Amino acid sequence: DIDAAKSFLSSLVNLAEQNINHCSYLPHATPDFTNLSSLELVSSLKKLNLNGNFDFQNTRRVANDFGNRYHFHTMAVLLPKTVSDISITIKHVINMGHNPELTVTARGHGHSLQGQSQSHGGIVISMESLEEPKLHVHTCEQPYVDVSGGELWINILHETLKQGLSPKSWTDYLYLTIGGTLSNAGISGQAFKYGPQINNVHRLEIVTGKGDILNCSATENADLFYGVLGGLGKFGIITRARISLELAPRSVKWIRVLYLDFNLFTKDQEQLISSDNSFDYIEGFVIINRTGLINNWRSTFSPREPLQASQFSSEGKNLYCLEMAKYFNPEETPNSDRFLS
Numbered sequence: 023d024i025d026a027a028k029s030f031l032s033s034l035v036n037l038a039e040q041n042i043n044h045c046s047y048l049p050h051a052t053p054d055f056t057n058l059s060s061l062e063l064v065s066s067l068k069k070l071n072l073n074g075n076f077d078f079q080n081t082r083r084v085a086n087d088f089g090n091r092y093h094f095h096t097m098a099v100l101l102p103k104t105v106s107d108i109s110i111t112i113k114h115v116i117n118m119g120h121n122p123e124l125t126v127t128a129r130g131h132g133h134s135l136q137g138q139s140q141s142h143g144g145i146v147i148s149m150e151s152l153e154e155p156k157l158h159v160h161t162c163e164q165p166y167v168d169v170s171g172g173e174l175w176i177n178i179l180h181e182t183l184k185q186g187l188s189p190k191s192w193t194d195y196l197y198l199t200i201g202g203t204l205s206n207a208g209i210s211g212q213a214f215k216y217g218p219q220i221n222n223v224h225r226l227e228i229v230t231g232k233g234d235i236l237n238c239s240a241t242e243n244a245d246l247f248y249g250v251l252g253g254l255g256k257f258g259i260i261t262r263a264r265i266s267l268e269l270a271p272r273s274v275k276w277i278r279v280l281y282l283d284f285n286l287f288t289k290d291q292e293q294l295i296s297s298d299n300s301f302d303y304i305e306g307f308v309i310i311n312r313t314g315l316i317n318n319w320r321s322t323f324s325p326r327e328p329l330q331a332s333q334f335s336s337e338g339k340n341l342y343c344l345e346m347a348k349y350f351n352p353e354e355t356p357n358s359d360r361f362l363s
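Numbering (my numbering), first residue to last: 23 to 363.
Right, here's the structure in full:
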């Protein structure tokens, strides 16, 4: 109901404020990389036998993220070519002894918030630099794709479609890395049907906090498997994943429905996600009407009903929108119309 929704939103606001307060204590100044301990660390990193390399000069490019609020300057960026490069680096840092100020952070496409993929004075691992086999599609009875943790979801889409397949669950924005979304959850409009992305993973390869390279699944190292999925990177770095696929639809019917009443909006959404065979994608969101926003959408308002359309034309009004999609093949007729009456 409306009170439950308000309570949920209040909890989100409190959580956001806690994150902001936490980040306010983090340092913003550029670390001193000229002291003896920093120079010794740099020297030791240069001596590591890696397939990739460290970049000590062009580090500012990883001192930002999608949130664009925090800019923490790192000492070095690891550009790994192999998973062993990551393992060797982490083991080396551990062998140097306990230093709480020296952190190692995995960075995908940098689409995180609050400086989560940055490392103040530490080491950032650029996961997109991995050159081991990026992805391989397996077209068996239960198809799947083996993919590098630094690969983008958009590239998985392009490659799997060549085989008439696609992942079951997506995020709205696809220029994100596999390891990045699986470390969070990977939620979008298919989650009500298939669960988030972390529910559609068969197997992972992980570099642990000790630098060990381990495989894990629901039956092998299960605690690690479930800890890493949605674990925000606290239990290891995802370097490879095996992701479930399904037959890709050839056509889609895409619908947006606008609401003025929040209760009706949530009631309809709950009814749709609990109905059998309604839609394949359902997502609800709030928008603030701006000049031309609704006019740019293909409208279903009848010209003979100007009053109905005018209700949604007020500048600055809060509107509620259900975005839905029904997948089908050209020889089929989508049965979505019966849910729109």
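Positions of the beta carbon are idealized from the N, C-alpha and C atoms, including for glycine. Everything numeric in this text was worked out from a predicted model, so none of it was measured.
Can you name the residues that DSSP bridges to G306? DSSP lists L344 as partners of G306.
From the DSSP secondary-structure annotation, give me the bridge partner or partners of I265. Partner residues in the beta bridge of I265, as assigned by DSSP, are V167 and V223.
Report all residues from its chain with a CB closer than 8 Å to the CB of G186; omit the five preceding and five following residues, and keep chain order. L269 and A270.
In chain order, what residues of the same chain have a beta carbon less than 6 Å from the beta carbon of A207, not counting five sequence neighbours either side? Closer than 6 Å at the Cβ level, and outside the excluded window around A207, lie P218, I220 and G252.
Could you give the first and the last residue of the continuous beta strand (DSSP E) run that contains K275? If you look at K275, you'll find it in the beta strand (DSSP E) that goes S273 to Y281.
Sorted by chain position, which residues of the same chain lie with C-beta nearer than 8 Å to N222's C-beta, five sequence neighbours on each side aside? Around N222: P189, K190, S191, Y216, I265 and S266.
Whole-number beta carbon distance between T96 and I147, since they are thought to touch under 8 Å: I147 to T96, Cβ: 10 Å. No contact.
Thinking C-alpha only, which one of K339, Y349, Q291 and L100 is nearest F214? If we check each option's Cα against that of F214, Q291 comes out closest.
Give me the Cα-Cα distance between L196 and H180, rounded to the nearest whole angstrom. Going from the Cα of L196 to the Cα of H180 covers about 11 Å.
Alpha carbon to alpha carbon, how far is R278 from N311? Each residue's Cα considered, the two are about 15 Å apart.
Could you pull the DSSP bridge partners for R91 from this structure? DSSP, once it has assigned bridges, lists no residue as partnering R91.
Taking 8 Å as the threshold, find out whether the segment 279-286 comes into contact with the segment 223-243 through three or more Cβ pairs. Contact between the segment 279-286 and the segment 223-243 is absent, because fewer than three Cβ pairs lie under 8 Å.
Throw me the rounded Cβ distance for the G171 and A263 pair, which I believe falls under 8 Å. The beta carbons of G171 and A263 sit about 6 Å from each other, so the pair counts as a contact at 8 Å.
What residue range does the beta strand (DSSP E) around V115 cover? Looking at the DSSP string, V115 is not in any beta strand (DSSP E); the run it does join, the alpha helix (DSSP H), is V105 to N117.
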